[in-house]
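Okay, so the sequence shown: first residue is 0 according to numbering that gives the first Met the number 0, each after it adds one.
Yeah, the Cβ is synthetic: ideal placement off N, Cα and C, and Gly gets one too.
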Amino acid sequence: MRLGPDQRRPVRTAWVAACAAAVLAGSLGPVVPAMADADIGTVADAAAGVAVATSDVADVATSAAPPSSAAPPSSAAPPASAAPPSDAAPATYTNPVSAGVTDTFPDPAVIRGKDGAWYAYGTQNPVFNSQGEPGERILPILRSTDLVTWEYAGEVIQSDDVPATWRDNSRAWAPDIRYVDGEYLLTYGLSTGGLAVATAPTPTGPWTHRDELLVPSAPIDGCPTGNIDQALFTDDDGTLYLYWGSYDVLCVSELTPGAGELTGPVTQVAQGRRAEGAYVVRHDDLYYLMYSDAGCCEGAFSGYTVKVGRSDSPVGPFVDDDGTDLMAESSKGGYVLTSNGDGYAGPGHHSLITDLAGQDWMAYHAIPEADPDFPPVDTRNGVLNLSKRPLMIDRLDWIDGWPVVNAGAGPSSGPQRAPVTSGPVNSTFADGSLAGWRVGGDVVVGQEPDTGPYAALDGATLTSRDRAGGDLRAQADLRVADDDGAVGLALGTGAGRVTAWVDRAAGELRLETGRGPKVQRAATPLPDSFPYGDWNVVTLDREARSGAYTATVSADNLKEPLGSVGLTVRGAAGRVPVGVTARGAAGADNVSLVPAARPVTERVPDPQPGALLPEHSDEFDGDVVPGTGAARTGANDTSADTTSANGTGWTWVRGPAAGVRLDGGALTWPTQNAELYQGTNTASVLTRDAPTGDYLVETKLTLDGVGVNRQAGLVLYADDDQFVKLVHSQLGLLRKPGSVSQTVEFTKEAARTTSNPPSAAYSAPMFGPAPGETTWLRLAVHRDAANAEYEVRMASSTDGETWRWGGVWTLPDDQPLRTGLVAMNTAGATATFDYVRTYALP
């Protein structure tokens with residue numbers, strides 16, 4: 000649903016209503032900074048602060064600015080030096096955050112540069128099509144100082160100067176960006192296959208392109224996949240890994256230092272229909288492989304979804320939240336981000352960033368359903384029909400050990416609290432001075448092309464004049480110049496000062512406080528290859544009530560720490576400054592101190608069934624096969640043969656199906672050699688009237704036999720060209736001949752309104768968790784009268800009690816829907832439906 004400026008009208012399903020309420024309460028925006036009692040007095044005071052903040056949100060415009068009518072920007076990249084940070088970062092944002100800057104920005108990869116600004120890199124696309132620019136920009140770059148307001152910053156590759164590794168029809172897809180060995184290392188896939196590498200001294204270039212592909216276009220031994228959609232990850236022992244793959248296998252291999260080449264074994268870590276876009280992070284000592292699943296890039300019919308598995312090793316095995324191995328021949332659970340019916344289809348292909356408060360954010364693309372498609376675009380690979388995929392950001396929560404966007408609410412469509420990108424202290428030294436700092440010893444402001452101005456210390460200290468209290472996060476880019484030197488990020492002063500030392504002489508990350516016999520220390524070794532002389536991000540968190548301090552160090556703060564250490568200190572709740580201290584020569588930049596994010600710990604509620612509606616349900620315990628009897632013309636599809644039986648409530652479209660029968664209180668139905676697909680509509684559909692209000696329909700299904708292209712399950716049916724279908728299906732994997740993947744598949748067919756004339760289109764699918772020998776299926780239906788559409792959300796279960804709720808398809812509300820069943824594709828299996836139960840949705 001596309002809610003208007005009337006503060007996102009609450010809808011009637013329990014799930015969507017809860018999401019809307021959460022937005023109005025502020026809990027779906029960035030989390031409220033946590034504070035100690037000394038700063039806020041009581042929890043009630045903090046809640047009152049939330050209420051004040053949300054009243055401000057109400058006045059924010061809910062529609063993004065239209066694209067500028069000015070000429071597209073030049074391809075020349077601006078200098079990387081950042082402007083001074085604003086004292087008043089935006090309080091809110093509205094997706095898509097690229098609106099008014101570019102028409103599209105697919106597959107975004109985001110990093111914070113050493114100049115203090117954030118940079119986003121996207122797939123080759125027609126980013127200025129609306130301004131009359133033909134063709135595409137190759138790996139476009141955006142820049143922001145607050146993650147909300149973006150500006151165009153050039154491209155990685157100019158169209159008249161592509162690397163020699165390209166073919167004539169190659170296009171650049173899905174970049175990944177890291178800070179490795181003191182430079183920005185960008186990898187990307189070629190549409191013709193193969194992974195390429197470019198490096199630069201600043202986030203905007205100049206870019207040096209490797210003479211050879213990192214991975215060739217052809218599949219390599221041990222990894223039967225498309226060689227695109229890559230991402231790097233550095234483990235805490237310094238080992239650099241490459242993850243890659245698309246349709247249908249994801250692989251990992253170690254890389255030589257500097258991402259020179261693959262080394263060691265290649266390991267398959269995930270497989271599934273259309274799996275791609277692997278991205279690995281480390282959180283609480285576990286490795287999380289997030290990836291995009293199902294159908295990308297089909298406009299409003301895109302089923303893209305972000306999912307996750309976790310492991311105690313970077314090479315797996317990874318399992319989803321049901322314990323299913325990501326290498327199992329089945330669909331997978333582990334939903335991180337799904338469509339929610341709020342105007343955007345196919346959210347996916349993401350990267351992660353962390354704001355200054357320690358809150359994680361997902362950057363991703365999604366397709367606006369109201370304006371999903373470009374006109375035909377002239378590209379290096381001919382004239383293509385492309386989807387608009389603008390840049391979105393949303394909060395990523397960690398709940399019960401699993402990541403999920405907006406506590407499970409999905410993509411945001413109204414004003415949200417913005418990422419924290421400024422605070423009591425936020426110094427990039429951009430004005431060339433040390434204003435706001437107390438200086439002890441030899442400190443000067445240096446200058447470099449990448450960082451711009453920075454603080455150069457030699458056996459000296461910097462201490463902020465401003466302080467903050469409560470739960471805190473301090474952060475800085477630090478480097479150690481001397482072989483026997485060290486540099487530390489500190490909170491507090493005097494004997495109570497707690498310092499996170501990056502100690503080159505000791506080879507460790509160390510937390511330290513106190514003096515003499517009262518000194519407290521905790522340390523962890525850093526890898527032998529740790530780049531002390533390069534800029535590294537150090538974070539120092541304080542939990543005021545417990546006195547717990549946690550320090551991390553990484554190259555780029557992309558959730559791949561090279562070291563992490565904790566220490567508990569008594570009496571640590573006061574207001575403190577942030578500081579930097581150096582033993583020998585060292586550098587510091589982008590020093591910040593802000594109230595720490597307060598984690599969200601509960602998911603938004605999922606739909607729950609209300610009262611059973613017997614007149615719309617069937618336990619299949621009668622004597623008459625549903626729908627058998629005299630023929631009549633169907634109300635929903637006048638072109639199809641329909642039959643109905645008195646008293647059963649069911650109607651057949653092209654039926655009854657051969658072999659269907661009642662057996663032991665269940666409906667048994669052999670799968671048909673028949674289809675329900677665009678112009679091929681030969682399958683039987685068993686339907687009955689649906690309730691007039693919002694409702695939930697459920698069935699219990701067993702599909703026996705093992706073979707490719709067999710399916711059975713629920714359907715919401717208007718006619719042969721307008722329906723939603725949730726089934727247990729048996730599918731083959733694209734690059735593994737003979738495989739049979741047991742899959743929960745969620746699809747729709749409807750008119751593609753952007754085609755001329757509108758014609759029936761079949762969606763790229765969504766996939767649910769792995770089905771069981773018996774699988775329970777649910778469809779929750781909300782009639783959105785304001786937007787004249789039905790919103791249909793899927794769920795599945797393997798025990799009838801624990802439900803995994805997935806994404807939403809929408810259908811036009813131009814004719815009534817009927818609930819129904821199908822069993823089709825190819826013969827050879829038998830579907831057994833234990834019941835169909837329909838409930839009111841409260």
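Inter-residue spacing [alpha-carbon to alpha-carbon] between residue i and residue j
i      : j      : result
Leu702 : Asp145 : 51 Å
Gly451 : Asn708 : 59 Å
Ser169 : Asn380 : 7 Å
Arg388 : Thr801 : 34 Å
Ser190 : Ala293 : 18 Å
Phe529 : Met289 : 26 Å
Ala672 : Pro764 : First, the residue type needs correcting, since residue 672 is Asn and not Ala in the sequence shown. Distance between the alpha carbons of Asn672 and Pro764 is about 21 Å.
Arg464 : Thr266 : 52 Å
Trp165 : Asn226 : 14 Å
Ala406 : Thr337 : 12 Å
Thr201 : Asn535 : 15 Å
Ala473 : Arg309 : 28 Å
Val239 : Tyr287 : Strictly speaking, residue 239 in this sequence is Leu, with Val absent from that position. Going from the Cα of Leu239 to the Cα of Tyr287 covers about 16 Å.
Pro174 : Ile137 : 11 Å
Trp401 : Val419 : 22 Å
Glu601 : Gln358 : 16 Å
Glu748 : Gln677 : 7 Å
Val147 : Ala429 : 20 Å
Pro594 : Ser412 : 26 Å
Ala467 : Arg541 : 11 Å
Arg416 : Asp354 : 12 Å
Val564 : Thr549 : 6 Å
Arg272 : Val739 : 11 Å
Arg582 : Thr427 : 21 Å
Span of the beta strand (DSSP E), counted from its first residue to its last, around residue i
i      : result
Gly294 : Counting along the chain, Gly294 falls outside any beta strand (DSSP E), and DSSP gives it neither H nor E.
Tyr716 : Arg709 to Asp718
His364 : Asp359 to Pro367
Tyr789 : Glu788 to Ser796
Leu725 : Gln721 to Leu732
Ala550 : Ala547 to Ser553
Lys735 : Lys735 to Arg751
Met823 : Arg817 to Met823
Met391 : Leu390 to Ile398
Gly578 : Val577 to Arg582
Val652 : Trp649 to Val652
Phe232 : Ala230 to Thr233
Burial state of residue i (16 or more Cβ within 10 Å)
i      : result
Pro410 : buried
Val518 : exposed
Ala365 : buried
Gln814 : exposed
Glu260 : exposed
Glu297 : buried
Ser245 : buried
Asn589 : buried
Arg569 : exposed
Asn94  : buried
Val424 : buried
Glu870 : Nothing can be reported for residue 870: it is not among the residues displayed for the chain, which extend from 0 to 841.
Integer Cβ distance of residue i from residue j, believed to fall under 8 Å
i      : j      : result
Val280 : Leu351 : 6 Å
Gly340 : Cys295 : Contact doesn't hold; Cβ gap of about 19 Å is too wide.
Thr203 : Ile140 : 6 Å
Trp360 : Asp393 : 7 Å
Ala822 : Thr670 : 5 Å
Val835 : Leu778 : Val835 to Leu778, Cβ: 11 Å. No contact.
Glu135 : Val376 : 7 Å
Phe745 : Met793 : 5 Å
Arg734 : Thr818 : Actually they do not touch by this definition, with Cβ atoms about 37 Å apart.
Thr233 : Leu561 : 7 Å
Leu231 : Ala269 : Wrong, their Cβ atoms sit about 17 Å apart, outside the cutoff.
Ser762 : Phe300 : 4 Å
* Asked: Just checking, does the segment 773-791 make contact with the segment 711-727 on the three C-beta pairs under 8 Å criterion?
  -> yes
Practice task
Tell me, please, whether the segment 210-228 touches the segment 191-198 by the rule of three or more beta-carbon pairs shorter than 8 Å.
Solution key: yes
I want to know whether the segment 506-517 touches the segment 603-618 - three or more CB-CB distances under 8 Å.
no
inquiry  = Whether or not the segment 615-625 and the segment 491-501 are in contact is what I'm after, with contact meaning three or more pairs of Cβ atoms, one per stretch, closer than 8 Å; do they touch?
reply    = no
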